[in-house]
Amino acid sequence: MAELTPGTEFADHVIRGVLGRGGMGVVYRATHVPLDREVALKVIAPGFSDDDEFRRRFRREFRATASIQHPNVIPIFHAGEEDGLLYVTMRFVDGTDLARLLREEKRLEPARAARLIAQVADALDAAHQAGIVHRDVKPANVLIDGETAVLTDFGLMKDTRSTTQLTHAGTVIGTFDYAAPEQLQDGDVDARADVYALGGVLYQALTGKVPYPRETAAATMLAHLDSPPPSVLSILPDASERLGEVVRRAMAKDPAARYPSAGDLGRAVLAAVEDAPATAPERSVATGPAAGVRSAPLPLPPTLAPETSRGAFAGRAEPLRALEARYATAGAGQRQLVLIAGEPGIGKTRLATEFARRAHDDGATVLYGRSDAESLIPYQPFVLALSHYVAHTTVPASRELDEVARLVPGLGIPPEASPEDAELRRWRLFEGVARLLAGAAAERPLVLIVDDLQWADTGTLQLLGHVLQDAARARLLVVGTARAADLGELVGRLRRLPSFEQLTLDGLTADETRALIGDQASSGFVRRLTEETQGNPFFIEETLRSLPELEERALSRIAVPEGVKEMLTRRLAQLSPLTNQVLAVASVAGRQFDLPLLESLLPGEDVLGALEEAVAAGLIREADEIDRFTYAHALVRETLYETQSASRRARLHLRIGEALEGHATPAELAYHFAEGRSERAVGYALAAGDAAFGAFAYDEAAEHYRRAGDDLPTLLKRGAAELRAGDPAARATFTAAADAARTAGDRDALAQAALGVSGRHAEAGVVDEEGIALLEEALRGFDEDHLSAIRLRARLVDRLQFAGRPDERARLSEEALAMAERLGDPRGRVAALESRHGVLMHIDHVDARLRLSEELLLLAKRLGEPELEALAQHWSIYDLLEAARVDEARHAHRRLAVLAAELRQPLYSHFSVGWEVVWAQMAGRVEDAERLARESFELGRRAQARDATTILAAQTLILRRREDALQDFVGAIEHHIAQNPALVAWRSILPMAHLLGGNTAAGVAAFRALAPDDFAAIPRDMFWFTAIALLGETCALIGDAEQAAVLYRLLQPHSERMVQVTQAANLGSTHRFLALLSAAGGDLGAAEHHFETALAVNRPLRPVVALMRREYAEMLLARDQDDDRTRAEALLRQTLREAQEGGMSQLISRVESRLRDLSSTA
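Right, dumping it as structure tokens:
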């Protein structure tokens, strides 16, 4: 069909002109004659109008779309057929669309972009509530009417047979620039595909670029499938990090990781432009097809069923309100942790269960796990919780989940042996658990109950911390319970976790007791019962079981015992002797026990009948599995266990161990044989230690190895476990192993012990003489080429960093490189290259370091080692910044960010976020830099990075220097000097702090103490360049011309470099410091040249430029030639504007004062 020309009539419409053309038809501007209404008329092309299936879907979807009534959705007026052609009319918007707007303006101001995107998000929410997925959200489909965004072209406007937007002939009729991965893979498409596309539109509105600019459609598709979400900050370094996070989350590959609704995205971007978090709870509003395929809610864990069916739940109104408030916060995507504490029997588990039941009724997923006193299963609460989860859902395989499969066989993923480093595998395990829980929380809000945390092993607490400290948003509330008497160390650990709250339960009041037992009792009885039991619910229930009637005189007759255990002893006395015997044996078996085990220990007895009597008495209950039982409360088991003599318990443990051999885990057997005083415990303890080590439960592994003895192999295993657990006892263990290795003449064991004593990382500024001596001793045992010899040399290079032995470090690194070359072992080559890079950290060797980084990168790619590549990229960024190759450094950082996201290990995230701090600092985004610095520190602490504290301190001090507020931190600097005497670089910033604080004498004295012999006190290590530059700035403040000449001579060979303080901060071009020193030495012409050069080089560094303009102005005022005063005043005014924009209060005050002085002397 030919295109309709202006003036043509079509279905009661007069054509006025063409608004747009597409593969499915033409959109005309037209007048609807009967109503004299201007409309947009879309006439569908014949190829589609002739398709019967298309026609049916067209009519169905037209009716659905026309039902959407929303101010940001183009209203549909009418649809029909004319001359065999389908058409639809809608409101005409006399404006432009977002695509044209972006072509004209390139990009929008963040606030305007946020407002428009939020309006589109509201429109999408309205569509999703009607069960409609747009499927083609893009700038061209967002019409702009003034400051109002209106969404058009819903599903009926395009070929709904194809989510890949291809016609029969294979021609592209849409764009892949905003298509979600699931659309490109013909997967299930729901409302979250529109969220992804809207994230891409937001990215383009902010940056002026499509998310993945590629040369071909195939490359664009591949990027949507495989590349990480685009970075806003890589295009707009001054933008808020929160804006970048909104785009990253909206465009997550996994739909479950995106915002649940478009409205949540809209609210998040509006908050982000105000640099605030979104606070509204997040939830999906989609229905029908837009809601996608949702799994049925998981049933409550069977373990909780007896708790929820115990009868009335009384009291606890305030704790319930606190839990509900935390649940609402978790619903907004902020992970929460609540610890319910109290004495045994006070109702901690009952409260947690009652809250979980209510949350489950509200649609939440509830998982339950507990710790036992014996702690035989590593990460037991998570194993129990995830076993219930995987039993009711399908979990996709991944490398991380392969590690989880070792603990949770129900995943159905056969775990395979892995040659990877244990730390990487442990991280994968933790990430696998975190991903499972995040996936559950993406589907529905998740409540995880972790019962009896007072017995939790260290690994469980570390895993809990990992889950809660994950930066990704998740609708997760963890509710823990613990006995109040055991809270000391536990609360110390948990308080460091985000959003921690402790609820301490007291006894019930008389009114609450009445609600618990009913109205049939008298007020006097209720009051007396409450007083006698101190309102302990378990004590109340046990007391009621023993009463013949609910009368006060009954209480007087039985003489209420002083404690719950005494009450339980009385209850047990009412049972048959056989039942008491069976329960006593079962208490030694554990909190849960099996009928066949008890029958084997008590042959010929009616064990099942005895257990049924105990069930009827409410002391035990049947567990989830047939023939398996559990105590109704931990107090019941404790009472039974403690009333037996130690000798009886030991004999029972031995018999249980013998009965379980061949059926139980090594940990269970080691426990029972150890308690039974049997030598067989040693072998099982070793096997249990190996199993726990393989599960990355290092504290538990170390404990098993301690039970196994102190022979040399066991000491080495124990030391390795303690080292990975962060236990300071590791050093003593490895020292003992070194002694044993000497006695045995075992050089390999001595090398292993020496590497263990020296730790995995040297601490900045620490000289470990004992560790160094042991490494040297172990190295003397290897005359030939050997991998251990390379590793010992590399570790010595590391440990000697602050020992003042640079020549020896250089020799050792050269020997390690040569040996690695001869052996041809890539592992040795890696260790040698890393040690060589460490030796060459002085600024003189930056070019050589860049070459080493390139070789490490090539080696990493050849070996397929992403961790090695990430480490090489990290050091490459540092080297490139020192070489003043900022753009290349940013490119390397983008690659590091991708690797960090793939590896999902805290160390590499620590590196990546640390460089984000540098970019924020360079751009003058102080608040972002401070927030990112804290985030980087937490990641570094989790990764046990040796210099995380030092880097955070350096980041803070540099930020304060930028604000001209360094003088407030004299005490902090002196503390770091005292803590790290070998880290001499700290002394280089102290003189400046004194001077800025007005203590000239102290500043000059501290400066001159470092000055002798051309500042020889500053070691020629990686901090030398920073220290000399800072001393140059101090020298200019003092006005010491003699030392200015010395410092100028030291810095001048590096004039084209930039001063980079590790991953903490960038101080800008060396030319700035050369300018200050030239001015101090009286060569104002040279100073002007250096200032002008530095201004050009430092342009991206806003805070540095602001300070430098002030310094430049002071130099011009001091010279006072020609128009120097005018130029100086202009520089000062520009400095004032930049200081005001950056919130640099001290600098603002100083510049304003200087301008007033100049005004008064004009």
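Quick note on numbering: the sequence shown equals residues 1 to 1162 in full-length UniProt numbering. Yeah, the Cβ is synthetic: ideal placement off N, Cα and C, and Gly gets one too. Please read these numbers as outputs of a predicted model, since none were measured by experiment.
Any idea what DSSP makes of residue i, helix, strand or coil?
{"i": "Glu109", "result": "coil"}
{"i": "Tyr878", "result": "helix"}
{"i": "Glu3", "result": "coil"}
{"i": "Phe313", "result": "coil"}
{"i": "Ser1069", "result": "strand"}
{"i": "Val18", "result": "strand"}
{"i": "Leu41", "result": "strand"}
{"i": "Ile74", "result": "coil"}
{"i": "Ile1028", "result": "helix"}
{"i": "Leu800", "result": "coil"}
{"i": "Glu282", "result": "coil"}
{"i": "Met992", "result": "helix"}
{"i": "Val273", "result": "coil"}
{"i": "Thr164", "result": "For Thr164, the pLDDT reaches just 33, beneath the cut-off of 50, and the residue's location in the model is therefore unreliable, leaving the point undetermined."}
{"i": "Thr87", "result": "Note on residue identity: the sequence assigns Tyr, not Thr, to residue 87. Here Tyr87 sits in strand by DSSP."}
{"i": "residue 1174", "result": "Coverage of the chain is limited to positions 1 through 1162, which leaves residue 1174 absent and any answer about it impossible."}
{"i": "Gly1082", "result": "coil"}
{"i": "Ala169", "result": "Confidence at Ala169 is low in this model, with a pLDDT of 29, below 50, so the placement of that residue should be treated as unreliable; the coordinate-derived value is given next. Ala169 falls in the coil class under three-state DSSP."}
{"i": "Phe734", "result": "helix"}
{"i": "His487", "result": "Per the sequence shown, residue 487 should be read as Leu rather than His. Of the three classes helix, strand and coil, the one that applies to Leu487 here is coil, per DSSP."}
{"i": "Ala617", "result": "coil"}
{"i": "Thr365", "result": "strand"}
I believe residue i touches residue j by the beta-carbon criterion, under 8 Å. Please report the beta-carbon distance rounded to the nearest angstrom.
{"i": "Ser678", "j": "Gly709", "result": "At roughly 14 Å, the Cβ-Cβ gap does not stay under 8 Å, so Ser678 and Gly709 are not in contact."}
{"i": "Ala1087", "j": "Ala1106", "result": "With a Cβ gap of about 18 Å, Ala1087 and Ala1106 do not count as contacting."}
{"i": "Ser1069", "j": "Ala1041", "result": "The Cβ separation is near 23 Å, so there is no contact."}
{"i": "Ala250", "j": "Tyr196", "result": "6 Å"}
{"i": "Leu796", "j": "Ala749", "result": "The pair is not a contact, with the Cβ atoms about 18 Å apart (cut-off 8 Å)."}
{"i": "Ala45", "j": "Asp190", "result": "The Cβ separation is near 28 Å, so there is no contact."}
{"i": "Val39", "j": "Phe92", "result": "5 Å"}
{"i": "Val27", "j": "Gly20", "result": "5 Å"}
{"i": "Asn536", "j": "Gly507", "result": "6 Å"}
{"i": "Ala11", "j": "Gly84", "result": "That belief does not hold up - the Cβ atoms of Ala11 and Gly84 are roughly 12 Å apart, past 8 Å."}
{"i": "Asp1021", "j": "Met841", "result": "6 Å"}
{"i": "Asp470", "j": "Ala434", "result": "5 Å"}
{"i": "Arg724", "j": "Leu755", "result": "Not confirmed; about 13 Å, so no contact."}
{"i": "Leu437", "j": "Leu446", "result": "6 Å"}
{"i": "Leu270", "j": "Ala118", "result": "5 Å"}
{"i": "Gly1081", "j": "Tyr1048", "result": "7 Å"}
Which residues in the same chain have their Cβ closer than 6 Å to the Cβ of residue i, if we skip the five residues on either side of it in sequence?
{"i": "Tyr212", "result": "Thr220 and Ala223"}
{"i": "Arg335", "result": "Leu468, Ala474 and Leu476"}
{"i": "Phe54", "result": "Phe48"}
{"i": "Ala687", "result": "Pro666"}
Using the DSSP secondary-structure output, state which residues sit across from residue i in a beta bridge.
{"i": "Ser499", "result": "Per DSSP, none; premise fails for Ser499."}
{"i": "His466", "result": "In DSSP, His466 forms no bridge with anything."}
{"i": "Ala744", "result": "DSSP lists no partner for Ala744."}
{"i": "Ala30", "result": "Ile15 and Val39"}
{"i": "Gln1121", "result": "According to DSSP, which records beta bridges pairwise, Gln1121 is partnered with nothing at all."}
{"i": "Thr630", "result": "Gln592 and Arg621"}
{"i": "Val1061", "result": "Ala1065"}
Return the chain-ordered list of same chain residues with a C-beta closer than 7 Å to the C-beta of residue i, the five sequence neighbours on each side being excluded.
{"i": "Phe539", "result": "Gly345, Thr533, Val564 and Met567"}
{"i": "Leu1037", "result": "Met992 and Leu995"}
{"i": "Ala440", "result": "Thr365, Tyr389 and Leu446"}
* Asked: Are three or more beta carbon pairs between the region 498 to 512 and the region 334 to 350 nearer than 8 Å?
  -> At 8 Å Cβ cutoff, the stretches touch.
* Asked: Three or more C-beta pairs closer than 8 Å, one from the region 603 to 612 and one from the region 640 to 658: is that the case here?
  -> Verdict: no, contact absent.
* **Inter-stretch contact (C-beta, 8 Å, three-pair minimum) for the region 842 to 852 and the region 876 to 888** => yes
* Pairing CB atoms from the region 316 to 335 with CB atoms from the region 374 to 390, are three or more of them under 8 Å? -> no
* **Meets three-Cβ-pair contact criterion under 8 Å: the region 911 to 922 and the region 1056 to 1067** => yes
* Does the count of Cβ pairs from the region 445 to 463 and the region 690 to 701 closer than 8 Å reach three? -> Using a Cβ-Cβ distance cut-off of 8 Å, the region 445 to 463 and the region 690 to 701 are in contact, since at least three pairs of beta carbons, one from each stretch, lie closer than that value.
* Evaluate contact between the region 90 to 106 and the region 125 to 133, counting only Cβ atoms and requiring at least three cross-stretch pairs below 8 Å. => The region 90 to 106 is not in contact with the region 125 to 133.
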